[in-house]
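Participant: For this note's numbering, count along the sequence shown from 1 and bump the result up by 476.
Where a beta carbon is used, it is the ideal one built from N, C-alpha and C, also for glycine.
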Amino acid sequence: MARRLTVVQLLPALDSGGVERSTLEIAEALVAAGHASHVVSAGGRLVPALEAAGSTHHHLAIGEKSLATPFRVPALRRLLAGLRPDIVHARSRLPAWLALAALRGLSPRPAFITTVHGLNSPGRYSGVMTRGDAVIGVSETVRRHVLRHWPDAAARLVVIPRGVDVARFPRHPRPDPAARAAVLGELGLPADTRLLLMPGRGTRLKGHAHAVGLLAGLRAAGEPAALWLLGSREPGREAYLAALEAEAAARGVAAWLRISPPRSAVVPAYAGADLVLQLSDKPEAFGRTVVEALAVGTPVLGWDHGGVGEQLAALQPEGAVPVGDAAALLERARALLAAPPAPPAHIPYTLAAMQQATLDLYARIAA
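Written as structure tokens, this is what we have:
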């Protein structure tokens, strides 16, 4: 076995989201490979899962936007001095700034790695994410963004795409009568419904209004369509969802709109849907739901930008539509419903590949 490493990952909290999921996935891989895994954050609902998988969590609010946060640098420095890590891996901007300050004067100094998980706004504050000894970009989209705004990072930048656990997202038959019946039954929809699934948080940037418009267009064209916004009904989103429901009512499709809270069991939803939508107005850094849906075998329709466009180009080009073109979106949706493309024979963006590439990078940087 290679040298046993001690790795500390830093992020604001461990509640939900892609950054948090990646942190747990790498922590799990570290423990499985015999390394020591530590995570520093303000805590959250994912801490028990992290600890159950063999990592140690250290509670420190290093991502809180507060005047008190900079004064937590000494506590972080003491923690790192005690752990003597080989790698400090920052996954968010404020924790990265605190890490740089904490590493000053630390001997031996651990290697510092950052991951750019999103298309951060240009400027000095975001630039801290390009100051690692190695800088991970989660997609080619992120690589291009970093090189455009922080070209000095080119020599230290490596792309390690996010990945899905293909064992958790197994290929289903198309169509899958049992999955369709279960989902349509749960939603109270007729058996002939053509179900559009849009997974994601209930925020305006996710483009739910485009999906409601598409639903109205499909119904007007005679398609027995319904739209399921899975994961959008969350505390604090009531006003936004009420506006969406009012828009659906104004367009005469309120009876065909379903909105539900987040759930962990999303595979049955993918398998029971006819078409998965990814219509975020803001470009996604990777587009994990695209890969999840296609792994299960369900066609995807999305705007051709950011990570979503990148994944569709690689795995299902028929699903990519010019951003904001409602007429093209409707036309392509009807085409995909009428003649679904064959699912990709191979999913290259796997969790195992992402974990191994990250551990390989750790080993190289720590050598």
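Give the C-beta separation of Ile538 and His565 to the nearest angstrom, bearing in mind that I take them to be a contact with Cβ-Cβ under 8 Å.
Facilitator: Counting from one through the sequence shown, the residue named residue 538 turns up at place 62. Counting from one through the sequence shown, the residue named residue 565 turns up at place 89. No, Ile538 and His565 are not in contact; Cβ-Cβ is about 13 Å, not under 8 Å.
Participant: For Trp704, which beta-bridge partners are listed by DSSP?
Facilitator: Working through the sequence shown from its first residue, we reach residue 704 at position 228. Answer is Leu673 and Arg734, bridged to Trp704.
Participant: When the Cα atoms are used, what is the spatial distance from Arg560 to Arg764?
Facilitator: Numbered from its first residue, the sequence shown carries residue 560 at position 84. Numbered from its first residue, the sequence shown carries residue 764 at position 288. In a straight line, the C-alpha of Arg560 is about 34 Å away from that of Arg764.
Participant: By the three-class DSSP mapping on this structure, what secondary structure does Ile538 have?
Facilitator: In the sequence shown, counting from the first residue as 1, residue 538 sits at position 62. Coil, per DSSP.
Participant: Reducing DSSP to helix, strand and coil, say where Val611 ends up.
Facilitator: Here residue 611 refers to the residue found at position 135 when the sequence shown is read from its first residue. Here Val611 sits in strand by DSSP.
Participant: Roughly how many angstroms separate the alpha carbons of Leu805 and Leu813, rounded to a whole number?
Facilitator: Counted from its first residue, the sequence shown places residue 805 at position 329. Counted from its first residue, the sequence shown places residue 813 at position 337. One C-alpha to the other measures close to 12 Å.
Participant: Contact defined as beta carbons within less than 8 Å: I believe Glu501 pairs with Gln831. What is the distance between those atoms, to the nearest angstrom?
Facilitator: Working through the sequence shown from its first residue, we reach residue 501 at position 25. Working through the sequence shown from its first residue, we reach residue 831 at position 355. At roughly 6 Å, the Cβ-Cβ gap stays under 8 Å, so Glu501 and Gln831 are in contact.
Participant: Considering only residues of the stretch 528 to 593, which uninterrupted alpha helix (DSSP H) runs meet the minimum length of 4 residues and lie entirely inside it, listed in chain order?
Facilitator: 549 to 559 and 569 to 579
Participant: Quick check for students: name the residue ranges of the alpha helix (DSSP H) that lie wholly in the stretch 614 to 649, counting only runs of 4 or more.
Facilitator: 616 to 625
Participant: With a Cβ-Cβ cutoff of 8 Å, do Leu490 and Val516 count as a contact?
Facilitator: Indexing the sequence shown from 1 puts residue 490 at position 14. Indexing the sequence shown from 1 puts residue 516 at position 40. Contact: no.
Participant: Mind checking who Leu806 pairs with in its DSSP beta bridge?
Facilitator: Reading the sequence shown from its first residue, position 330 is the one you call residue 806. Answer is none; Leu806 lacks a bridge partner.
Participant: Just verifying my parser: in three-state terms, what is the DSSP assignment at Thr606?
Facilitator: In the sequence shown, residue 606 corresponds to position 130, counting from 1. If DSSP states are grouped into helix, strand and coil, Thr606 belongs with the helices.
Participant: Rounded C-beta distance between Pro700 and Arg670? I'm assuming under 8 Å.
Facilitator: In the sequence shown, the residue the question calls residue 700 occupies position 224. In the sequence shown, the residue the question calls residue 670 occupies position 194. At roughly 6 Å, the Cβ-Cβ gap stays under 8 Å, so Pro700 and Arg670 are in contact.
Participant: Should Thr591 and Leu570 be called a contact, given that it needs their Cβ atoms to be closer than 8 Å?
Facilitator: Position 115 of the sequence shown, counting from 1, holds the residue named residue 591. Position 94 of the sequence shown, counting from 1, holds the residue named residue 570. No; because the gap between Cβ atoms is not below 8 Å, this pair is not in contact.
Participant: Let's see if you can read the secondary structure: which residues bound the beta strand (DSSP E) around Leu665?
Facilitator: Translated into the one-based positions of the sequence shown, residue 665 becomes position 189. Segment: none, Leu665 is in no beta strand (DSSP E) and carries neither H nor E.
Participant: What separation, rounded to the nearest whole angstrom, lies between the Cα atoms of Ala587 and Arg840?
Facilitator: Taking the first residue of the sequence shown as position 1, residue 587 is located at position 111. Taking the first residue of the sequence shown as position 1, residue 840 is located at position 364. So the two alpha carbons sit approximately 10 Å from each other.
Participant: Cα separation between Ala722 and Asp562?
Facilitator: Working through the sequence shown from its first residue, we reach residue 722 at position 246. Working through the sequence shown from its first residue, we reach residue 562 at position 86. Each residue's alpha carbon lies about 54 Å from the other.
Participant: Return helix, strand or coil for Gln831, following the three-state DSSP convention.
Facilitator: Position 355 of the sequence shown, counted from the first residue, corresponds to residue 831. It is helical.
Participant: Would Gly795 pass as a contact of Leu660 if the rule is Cβ separation under 8 Å?
Facilitator: The count along the sequence shown starts at 1 and reaches residue 795 at position 319. The count along the sequence shown starts at 1 and reaches residue 660 at position 184. It is not a contact, given that the beta carbons lie outside the stated cut-off.
Participant: Where do the ends of the beta strand (DSSP E) carrying Leu777 lie?
Facilitator: Counting from one through the sequence shown, the residue named residue 777 turns up at place 301. Taken as a continuous stretch (DSSP letters only), the beta strand (DSSP E) holding Leu777 covers Val776 to Trp779.
Participant: Going by C-alpha to C-alpha distance, which of Pro651, Ala503 and Ser498 sits closest to Pro744?
Facilitator: For the purposes of this step, residue 744 is taken as residue 268 along the sequence shown, with counting starting at 1. Ranking the options by Cα distance to Pro744, first place goes to Pro651.
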